[in-house]
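**Q** Numbering (the working numbering), first residue to last: 151 to 247.
Structure below; questions to follow.
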Amino acid sequence: MKKSKTLKEVIQASQVPREIITNEPRITLIGEDEVVVENHKGLILYEEGLVKINTIRHPLYIKGSGLLIKKMDEEVMVISGRIRLIEYISLNEEKEK
């Protein structure tokens, strides 16, 4: 009987980056003044000190000062400014706030 491969095994065997296969966001912090979010699902909120981005998992919160969306297209969002916090907040946690 053939053993079926798990998604993790397929990813490892294919040498394709996980985020491409699973469509998970890839978040890159460059210094403390720029964040690149790939595979996002759109902008939820943009206000002074907070950018809230929809992802396949949970909303992604980017908090800081002087935040500016430098680029936003269907796949990539680039936020600049003084980045202080990047966190996922589940919908349950969000309701508690």
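Think of the CB as a built atom: it goes at the ideal place given N, C-alpha and C, for glycine as much as any other residue.
Between which residues of its own chain and Lys202 is the CB-CB distance below 6 Å, once the five residues before and five after are set aside?
**A** Cβ neighbours of Lys202 beyond the five flanking positions: Ile194, Leu195, Pro209 and Tyr211.
**Q** In whole angstroms, give me the CA-to-CA distance for Lys221 and Glu184.
**A** Computed Cα separation, rounded: 11 Å.
**Q** Nearest-angstrom Cα distance between Glu198 and Asp223?
**A** Their backbone Cα atoms lie some 21 Å apart in a straight line.
**Q** What number of angstroms, rounded off, separates the C-alpha of Lys191 from the C-alpha of Ile206?
**A** Between Lys191 and Ile206, the C-alpha separation is close to 7 Å.
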